[in-house]
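In my numbering, the protein residues as written are -13 to 120. One structure below.
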């Protein structure tokens, strides 16, 4: 119920507001401000209202987006790691077969081992780069 007295209403509103909100102050150098603003506008979704937002609102929204986005992407990250684990296991299995063959035949197959190691390095490199572009 809204009080008839405007001053009383404002007092009550501030009391309720202060129980639910925390005001903070952040000081930035101009170059830090510019860097953050550029990062936020580059890496976070642009909505119709982004131009209307103050910098502090942009900073808050970007921070919350990052925190919440990280927890929401947990399942996707797990899937990516499973895929990477599969690729690494496949390459490790090939190396194990080469080592086993080396023990049985008593001679080294250095070129094959080197080839598998290079394949492993290239596979991991390609996988990581493709995921970083997403």
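Cβ atoms here follow ideal geometry from the backbone N, Cα and C, with glycine treated the same way.
Contacts around residue i, its chain only, beta-carbon distance under 6 Å, and the 5 residues preceding and following it disregarded
i          : result
residue -1 : none
Pairwise C-alpha distance: residue j and residue i
i           : j           : result
residue 65  : residue 77  : 19 Å
residue 9   : residue 73  : 48 Å
residue 97  : residue 71  : 24 Å
residue 122 : residue 102 : No answer is possible for residue 122: it lies beyond the span of the chain, which begins at -13 and ends at 120.
residue 59  : residue 46  : With a pLDDT of 47 at residue 59, under the threshold of 50, the modelled position of this residue cannot be trusted; read the value that follows with caution. About 20 Å.
residue 90  : residue 28  : 57 Å
residue 1   : residue 68  : 50 Å
Residue i, buried or exposed, once every other Cβ within 10 Å from all chains shown has been counted against 16
i          : result
residue 53 : exposed
Neighbourhood of residue i by C-beta distance below 7 Å, restricted to the same chain and skipping five residues each side
i           : result
residue 5   : none
residue 113 : 70 and 73
residue 12  : none
Supposed close pair residue i, residue j - CB separation, criterion 8 Å
i          : j          : result
residue 48 : residue 26 : 5 Å
>> Quick test of the definition: if touching needs 3 or more C-beta pairs under 8 Å, does the segment 67 to 87 touch the segment 97 to 106?
In response: yes
> Looking at C-beta atoms only, is the number of pairs between the segment 18 to 26 and the segment 41 to 48 that lie closer than 8 Å three or more?
Replying inline: yes
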